[in-house]
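Asker: As given, the protein sequences belong to chains A, B, C and D, one line each in that order.
Here the first sequence is numbered in full-length UniProt numbering, starting from 1 and rising by one per residue.
Here the second sequence is numbered in full-length UniProt numbering, starting from 1 and rising by one per residue.
Here the third sequence is numbered in full-length UniProt numbering, starting from 1 and rising by one per residue.
Here the fourth sequence is numbered in full-length UniProt numbering, starting from 1 and rising by one per residue.
Ideal Cβ positions, reconstructed from N, Cα and C, are used throughout, including at glycine.
Owing to the predicted nature of the structure, the values given are computational and were not obtained by experimental measurement.
4 protein chains.
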Amino acid sequence: MARIRLGMVGGGKDALIGEVHRLGARLDGQFDLVAGALSSTPEKSLESGLALGLDPGRCYGSFAEMARAEAARPDGIEAVVIVTPNHVHAAAASAFLAEGIHVICDKPLAATMEQAGMLADAVQDSAALFILTHNYTAYPMIREARAMIARGDLGPLRVVQAEYAQDWLTRDSTGKQADWRGDPARAGIGGAVGDIGTHAFNLAGFVTGLRAEALSADLQSFVPGRRVDDNGHVMLRYGGGVRGMLWFSQVAVGCGNGLRLRVFGAEAGIEWSQEEPELLWYTRFGEPRQRLTRAGPGTGPAGLSRTPSGHPEGYIEAFANLYTEAAAAIRAARAGNGRDIGLLPGLKEGLEGMQFIAACVESSAQDGRWLPLDPVTAP
Amino acid sequence: MARIRLGMVGGGKDALIGEVHRLGARLDGQFDLVAGALSSTPEKSLESGLALGLDPGRCYGSFAEMARAEAARPDGIEAVVIVTPNHVHAAAASAFLAEGIHVICDKPLAATMEQAGMLADAVQDSAALFILTHNYTAYPMIREARAMIARGDLGPLRVVQAEYAQDWLTRDSTGKQADWRGDPARAGIGGAVGDIGTHAFNLAGFVTGLRAEALSADLQSFVPGRRVDDNGHVMLRYGGGVRGMLWFSQVAVGCGNGLRLRVFGAEAGIEWSQEEPELLWYTRFGEPRQRLTRAGPGTGPAGLSRTPSGHPEGYIEAFANLYTEAAAAIRAARAGNGRDIGLLPGLKEGLEGMQFIAACVESSAQDGRWLPLDPVTAP
Amino acid sequence: MARIRLGMVGGGKDALIGEVHRLGARLDGQFDLVAGALSSTPEKSLESGLALGLDPGRCYGSFAEMARAEAARPDGIEAVVIVTPNHVHAAAASAFLAEGIHVICDKPLAATMEQAGMLADAVQDSAALFILTHNYTAYPMIREARAMIARGDLGPLRVVQAEYAQDWLTRDSTGKQADWRGDPARAGIGGAVGDIGTHAFNLAGFVTGLRAEALSADLQSFVPGRRVDDNGHVMLRYGGGVRGMLWFSQVAVGCGNGLRLRVFGAEAGIEWSQEEPELLWYTRFGEPRQRLTRAGPGTGPAGLSRTPSGHPEGYIEAFANLYTEAAAAIRAARAGNGRDIGLLPGLKEGLEGMQFIAACVESSAQDGRWLPLDPVTAP
Amino acid sequence: MARIRLGMVGGGKDALIGEVHRLGARLDGQFDLVAGALSSTPEKSLESGLALGLDPGRCYGSFAEMARAEAARPDGIEAVVIVTPNHVHAAAASAFLAEGIHVICDKPLAATMEQAGMLADAVQDSAALFILTHNYTAYPMIREARAMIARGDLGPLRVVQAEYAQDWLTRDSTGKQADWRGDPARAGIGGAVGDIGTHAFNLAGFVTGLRAEALSADLQSFVPGRRVDDNGHVMLRYGGGVRGMLWFSQVAVGCGNGLRLRVFGAEAGIEWSQEEPELLWYTRFGEPRQRLTRAGPGTGPAGLSRTPSGHPEGYIEAFANLYTEAAAAIRAARAGNGRDIGLLPGLKEGLEGMQFIAACVESSAQDGRWLPLDPVTAP
């Protein structure tokens, strides 16, 4: 099978997440990166592209130019990855969708609700796929947890505890990563809530299969001069009477990339931590705690493993799982099978994330008033 | 030094916490248990007392009889432990305080605010000491954490995460322990919030030295037919802009006695878990995480250790620490040094706990409205 | 039931393990310490005894005097604890055994084989009990592990991995504890091998029910000037073709009190660590690892628990378990039930420990030659 | 930079480690797999090659044919990976070395000493590089540990504890992986000792920088009918008076891929476990234990990280590190910089591994006699 021709917007020198996407796309050999608008100026974009071995003629100065030019080539890209700051997501994705090029876009969906709406229209109007990289959903033990809950192993659910704690913004940081995340014009109205809160919120929904119906939030900005939140506490009401809490922080000293999820049902409970992603702790009421492992005894064939249990797979492999599923969806679309992206997150999850950010900010401004979260529809 | 003569109310056969109090009082050899009204009937009280080696003449049928009789003896008890269901605390404690007998009372302070007020008056009117057994405050690494925060090791505090998760009430339980805890007439208006939520709330205040000024709560009762809460989510606002979350649950399948506390400041963060009480994880911003241990390198002389680091001390030793400090306070009082109980929790902490329960129940009833917590004064 | 009258030899000021014995004896209320020869001079002995509240008339200047005087009293001690340096064990124990007083003796049995033989004769000639405080055998999860193996849960055993690693003698230490342990005249020919190697060796035998039939050892003394070993590696051959390794060290920087045991059979494996004594990791072949806890699901009624699962019990409680079983054995002996000490270690285990020390030193001197360990017989 | 053209011998369908090599070679984009003799028959080799997207004309029926044909092509492979059973390593590697093609070969070096000698000659006679995939040496925290020891952080070393425990051969297994490993004609005289013991032995030497000078071994074969060892215990004497123990097992129920290393010096100790490869526990004597993490505070720039601390990298990334260093060495060789392979393991480590296997088997046969390990010289 020929590899899928891939382009990238953003992800040039000094970028962080672009390289992770490239590693994820490369690991399973399903994609070839052949074009890019990697930086915000043509010069830097060319420099970054050459460092990655791109043809100089396919190192573009802007995403708009790139979308037009690649669409016109017989060997143009089939899919593009958008890894820019949030405020560029919608415009860039829309440009490629308009050309029928599949889009793999970083989260959150956009910096503003208006941008998100524009992007939703663009998805609606295109036959191409739109995939949102809520990458944590592609950890094998997260898939295992989802399957366990779906088949009823936990009994009726009751309580969800989610958190995502980091400490890298403990002080008044500067630098490429910190700068745009702290700028509402580029990041949107949410700081930590958009950057990592959405991940925890999405993961809780993915694993439980539940929709959050209302929330009450209390956001803070602890570092003087910071214009967006850097810590937030949220109470959640899910369908079926399930209750949840969610904490996100980028000022929690000692926490690296502490995404954690605990779910409790009437029959059993589970616990997972991103920093030990190969483990899922599972306890049935009245029985000893069990340590489930990827590809280990008691875990079903998740189809997302490359090595036997005990040979740690991690963050890059989870990204690669997402890319490999994206490749399968792209190949299926090419074969006329429509826009099914299976378990991959897409527009709907993106809109739900935007709604979560907006509701957290609004509830916090209204002294924690419970705000409803209406069902989102997406093509 | 002669041992202090101790009596006990409650704690007869089938009781749980009474035996723990006896172990704690016995370990360091500071007390002799010599009298009791251990059960609710004279027959069972006698039977329980004989099993403990008490003089049959000092096995009383009621706390009232015991208070009178012991006060009249030249060798009467100097202190009494109250380990009954909540609704008996206030009346029993008051009876002994009225006789000038020191009281060590289990938490929460009472089943109702009215009872709590009556008890506050009784403490006010007595020269005797009143000590409340928030036993978790007496773990050496909790004391270490408190000292670290007090001397500024964490910098200005920002975020407090507290939780106390158990699973023993996952189903509709019966039995002595479950029955009274589920009965508002005996437990009070709070279920899990009173039984364990107050512990987490108290511990967070003890370690941080902060007072909670307001809270927003969402309580649930998941098991059909249960009349009190079995799970609750609380957002907290402390003095100085510090924010907190608190979760308590008795339906969190897989959790044994999961009291956990995390505190983050501008310079450092700490993490402690009751099931591994000898450890305190400590991270200064930008430095590797450190594993501090009781009596180990980097931990000050807390004065509450019996063995070198690596020889696990636990729950009973923490109870014993509390009793040994109580013995010192009683001896000091006897010597005319007044009512200072040092770091031991007392009436003030008890009233704060009652206020916490009431505010959680009320806020939850008002859809999570933020309620203020007024400063408590106590003799 | 009246408490058992207990005396103590050794354990005065600055001693370490004597206080642990007193805590263990006190916790369950089965013993009263009423006499002692606590230090090596009459003055210090008196001072130490008064600090413990002993009657000055029962603070003796020597164990010999104490044995005679207590035996002559109608209210004399019924049992004595020997917590001196090793070279005093045999003489002291023998003096009390000769008077019919039960002996609870610290390990190893003696400093020399000759002393051990003398002590064995003294036990033989007495009707009194002799109990050796291999205290780690009294941890509830160690008892659980022993029961699991005994009933065949692990299938035929294959491999035993035992270790005991500390770091407190990493440097050329001085002080009461280090001094006598480093002096062959007081400690015997073994340093770490006697002090902690014997514990690991004993524990492996206790849990597996196997007898070591031969060993090959390589001992080292890393700190210049040290006269006994401070680290040692041992290969073991048990009955039934089972093989083992044992490591002990007092120079393993970062290890506190690291006694660990792993046992593997054809059907399952277990793992236990003294620093987390409430846990036993249990894996059946082809099934997820299970986390068994004291008094938790899946663990039988060991009879050695005081609190529910999740309320940590530790080192002192294990000592107390041993004392409480000793109290039962003493009461049974008093009632004419002979010298059965149940699961408690006694003379046989002491002689096996002496044999282990001697064989390790001898094998190491002979460049690791395998030496047989003959079966030990004891009254 | 153009990618390096890579071929593979072995690694066809049902193979395990071949796919891991391909993932490792692919992740960082330094190699293109373009040719293979992937299976033992031409038909299966073709089938496996096509599944990997190889040109059918470069799917060879044997390594000999492949070496000749590729050497003759102007676009022939520059390097080859050998991932066959052990007995094929030497002949295959020699064939490519003779053509001047760089060889990346799985360990152990060969099935017999004779084969190993032949391969050593082939390396000697070739200008091409020879790299042995002791992949665990390429974990970032292993490199960190090595650097710490090299710069003296631990002080003079004293004790090394290494182990590699698995359980997948607990029963009489069949299947492609188990079959050849249990067949002395294909695996060599060592079973577990060659398969995993060599990894632990190599890792201990790599991290400490020490050479083992003598060993005493006791090997077992627990499963009836098994013709090679499945468990072994080894005592080691390193240069400078350092002592070590090494345990390897494939019958340790509950162990997945349990490669662990602990090293103790006079000033500090470290601990690392392959199943948590991102962590290195580090304790300086008299200070709290520190948890060092890849790319985290306190760890130097190892140059082998792709993501920030807290985003787990694992086994595949370690393989990729090895491949990326191999690519650099190949490019340097191409540029005329000779045969320096930096920290990568090569022929010398391979010969040391063969010597280790032989000495373990021989020492065990001689009842654990200490056997010297002579220094190995390699081109």
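Is Gly296/B close to chain D, meaning its C-beta is less than 8 angstroms from at least one C-beta of that chain?
Answerer: Here residue 296/B is taken as the residue at index 296 of the second sequence, counted from 1. Cβ-Cβ to chain D under 8 angstroms: yes for Gly296/B.
Asker: Name the one or two DSSP bridge partners that His233/C has.
Answerer: The sequence position of residue 233/C within the third sequence is 233, counting from 1. His233/C is bridged to Asp218/C and Trp247/C.
Asker: Does the beta-carbon distance from Gly10/D to Val34/D come in below 8 angstroms?
Answerer: Position 10 of the fourth sequence, counting from 1, holds the residue named residue 10/D. Position 34 of the fourth sequence, counting from 1, holds the residue named residue 34/D. Contact: no.
Asker: By the three-class DSSP mapping on this structure, what secondary structure does Cys105/C have?
Answerer: As a working mapping, residue 105/C is identified with position 105 in the third sequence. Cys105/C: strand per DSSP, three-state reduction.
Asker: Ignore the nearest five residues each way along the sequence and tell me which others in Glu213/C's own chain have a CB closer than 7 angstroms to its CB.
Answerer: Counting from one through the third sequence, the residue named residue 213/C turns up at place 213. Once the five neighbours on either side are set aside, the close Cβ partners of Glu213/C are Arg237, Tyr238, Gly239, Pro372 and Leu373.
Asker: Within this structure, are the beta carbons of Gly353/A and Pro74/A separated by less than 8 angstroms?
Answerer: Along the first sequence, one-based indexing puts residue 353/A at 353. Along the first sequence, one-based indexing puts residue 74/A at 74. No, the Cβ-Cβ distance between Gly353/A and Pro74/A is not below 8 angstroms.
Asker: Using alpha carbons as the reference points, say which of Glu325/A, Ala378/A and Ser363/A lies closest to Glu349/A.
Answerer: Indexing the first sequence from 1 puts residue 349/A at position 349. Of Glu325/A, Ala378/A and Ser363/A, the residue nearest in Cα terms is Ala378/A.
Asker: Any residues in the segment 271-296 of chain C with a beta carbon nearer than 7 angstroms to a beta carbon of chain A? Which ones, in chain order?
Answerer: Answer set for the segment 271-296 of chain C: Gly286, Glu287, Pro288, Arg289, Gln290, Arg291, Leu292 and Gly296.
Asker: If we require 3 or more residues per run, which beta strand (DSSP E) segments fall completely within the segment 94-180 of chain A?
Answerer: Counting whole runs of 3 or more residues, the segment 94-180 of chain A contains the beta strand (DSSP E) stretches 102-105, 130-132 and 157-165.
Asker: Over the uninterrupted alpha helix (DSSP H) stretch that includes Glu70/A, give me the two end residues.
Answerer: On the first sequence, position 70 is the one that residue 70/A refers to. Element bounds for Glu70/A: Phe63 to Ala72.
Asker: For Arg243/C, which residues of its own chain have a beta-carbon under 8 angstroms away from its beta-carbon, when the five flanking residues on both sides are left out?
Answerer: As a first step, residue 243/C is located in the third sequence; it is residue number 243 there, counting from the start. Contacts found: Arg158, Val159, Val160, Met235, Leu236 and Arg237.
Asker: With a Cβ-Cβ cutoff of 8 angstroms, do Glu144/C and Leu344/C count as a contact?
Answerer: Counted from its first residue, the third sequence places residue 144/C at position 144. Counted from its first residue, the third sequence places residue 344/C at position 344. Not a contact, by the Cβ cut-off of 8 angstroms.
Asker: Which class does Cys255/B belong to by DSSP, given the choice of helix, strand or coil?
Answerer: Residue 255/B sits at position 255 when you count from the first residue of the second sequence. In the structure shown, Cys255/B sits in coil (DSSP, three-state: anything other than H, G, I, E or B).
Asker: Where does Gln274/A fall in DSSP's three states?
Answerer: For the purposes of this step, residue 274/A is identified with residue 274 of the first sequence, where counting begins at 1. Gln274/A: coil per DSSP, three-state reduction.
Asker: Using a Cβ-Cβ cut-off of less than 8 angstroms, give me the residues of the segment 311-328 of chain A that come near chain G, in sequence order.
Answerer: You won't find chain G in this structure, because its protein chains are A, B, C and D.
Asker: If we cut at 8 angstroms on Cβ distances, does Met141/B have a partner in chain C?
Answerer: The residue given as residue 141/B occupies position 141 in the second sequence. No, Met141/B does not count as interfacial toward chain C.
Asker: Report yes or no: is there a C-beta of chain C within less than 8 angstroms of the C-beta of Asn202/B?
Answerer: Position 202 of the second sequence holds residue 202/B. By this cut-off, Asn202/B is not an interface position.
Asker: Using the Cβ count rule (16 or more neighbours within 10 Å means buried), how would you classify Gln355/C?
Answerer: Counted from its first residue, the third sequence places residue 355/C at position 355. So Gln355/C counts as buried.
Asker: Are the beta-carbon atoms belonging to Ser94/A and Met66/A less than 8 angstroms from one another?
Answerer: For the purposes of this step, residue 94/A is taken as the residue at position 94 of the first sequence. For the purposes of this step, residue 66/A is taken as the residue at position 66 of the first sequence. Not in contact: Ser94/A and Met66/A (Cβ atoms no closer than 8 angstroms).
Asker: Roughly how many angstroms separate the alpha carbons of Ile131/D and Val81/D, rounded to a whole number?
Answerer: Counted from its first residue, the fourth sequence places residue 131/D at position 131. Counted from its first residue, the fourth sequence places residue 81/D at position 81. Whole-angstrom Cα-Cα distance: 9 angstroms.
Asker: Cβ atoms of Trp272/A and Gly254/B: under 8 angstroms apart, would you say?
Answerer: To locate residue 254/B, count along the second sequence from 1; it is residue 254. To locate residue 272/A, count along the first sequence from 1; it is residue 272. Taking 8 angstroms as the Cβ cut-off, Gly254/B and Trp272/A do not qualify as a contacting pair.
Asker: Thr307/B: buried (16+ other C-beta within 10 angstroms of its C-beta) or exposed?
Answerer: In the second sequence, the residue the question calls residue 307/B occupies position 307. It is buried - the Cβ of Thr307/B has at least 16 other Cβ atoms within 10 Å.
Asker: Measure the Cβ-Cβ separation of Glu275/C and Met141/C and say whether it is below 8 angstroms.
Answerer: Position 275 of the third sequence, counted from the first residue, corresponds to residue 275/C. Position 141 of the third sequence, counted from the first residue, corresponds to residue 141/C. No. Outside cutoff.
Asker: For Ala178/B, decide whether its Cβ has a neighbour in chain A, counting only Cβ atoms nearer than 8 angstroms.
Answerer: Locating residue 178/B in the second sequence gives position 178, counting from the first residue. Answer no: the Cβ-Cβ gap between Ala178/B and chain A never drops below 8 angstroms.
Asker: DSSP has Ile82/B in a bridge; who is on the other side?
Answerer: In the second sequence, the residue the question calls residue 82/B occupies position 82. DSSP, once it has assigned bridges, lists Val9/B and Cys105/B as partnering Ile82/B.
Asker: Residues of chain B with a CB under 9 angstroms from the CB of Asn231/A: which are they?
Answerer: For the purposes of this step, residue 231/A is taken as residue 231 along the first sequence, with counting starting at 1. Arg158, Val159, Arg243 and Phe264, listed in chain order.
Asker: Measuring CA to CA, which of Arg171/C, Leu210/C and Glu267/C is closest to Pro224/C?
Answerer: Against the third sequence, residue 224/C aligns to sequence position 224. Cα-wise, what sits closest to Pro224/C is Arg171/C.
Asker: By the 10 Å Cβ neighbour count, where 16 or more other Cβ atoms means buried, how is residue 388/D classified, buried or exposed?
Answerer: Since the first and last residues shown for chain D are 1 and 379, residue 388/D lies out of range.
Asker: Assuming Ala138/C and Leu322/C are in contact, meaning their beta carbons sit under 8 angstroms apart, how far apart are those beta carbons, in whole angstroms?
Answerer: Taking the third sequence and counting its residues from 1, the one referred to as residue 138/C is at position 138. Taking the third sequence and counting its residues from 1, the one referred to as residue 322/C is at position 322. Yes, they are in contact, since the Cβ atoms of Ala138/C and Leu322/C sit about 4 angstroms apart, within 8 angstroms.
Asker: Leaving out five residues before and five after Gln124/B in sequence, what residues of the same chain have Cβ atoms less than 8 angstroms from its Cβ?
Answerer: Position 124 of the second sequence holds residue 124/B. Counting only Cβ-Cβ distances below 8 angstroms, and skipping sequence neighbours, we find Pro379.
Asker: Run through DSSP, which three-state label would Ile4/B get?
Answerer: Along the second sequence, read from residue 1 onward, the residue named residue 4/B stands at position 4. Of the three classes helix, strand and coil, the one that applies to Ile4/B here is strand, per DSSP.
Asker: What residue range does the beta strand (DSSP E) around Thr283/D cover?
Answerer: For the purposes of this step, residue 283/D is taken as the residue at position 283 of the fourth sequence. Here the beta strand (DSSP E) through Thr283/D covers Leu279 to Arg284.
Asker: Which residues in the same chain have their Cβ closer than 8 angstroms to the Cβ of Gly209/C, if we skip the five residues on either side of it in sequence?
Answerer: Translated into positions along the third sequence, residue 209/C becomes position 209. Counting only Cβ-Cβ distances below 8 angstroms, and skipping sequence neighbours, we find Arg146, Ile149 and Ala150.
Asker: Note down the Cα distance separating Ala217/A from Phe285/A, rounded to an integer number of angstroms.
Answerer: As a first step, residue 217/A is located in the first sequence; it is residue number 217 there, counting from the start. As a first step, residue 285/A is located in the first sequence; it is residue number 285 there, counting from the start. Distance between the alpha carbons of Ala217/A and Phe285/A: 32 angstroms.
Asker: Can you tell me which residues form a DSSP beta bridge with Gly36/D?
Answerer: Looking up residue 36/D in the fourth sequence gives position 36. Gly36/D is bridged to Met8/D and Cys59/D.
Asker: Return no unless some Cβ of chain C is closer than 8 angstroms to the Cβ of Gly368/D.
Answerer: Locating residue 368/D in the fourth sequence gives position 368, counting from the first residue. Closer than 8 angstroms: yes.
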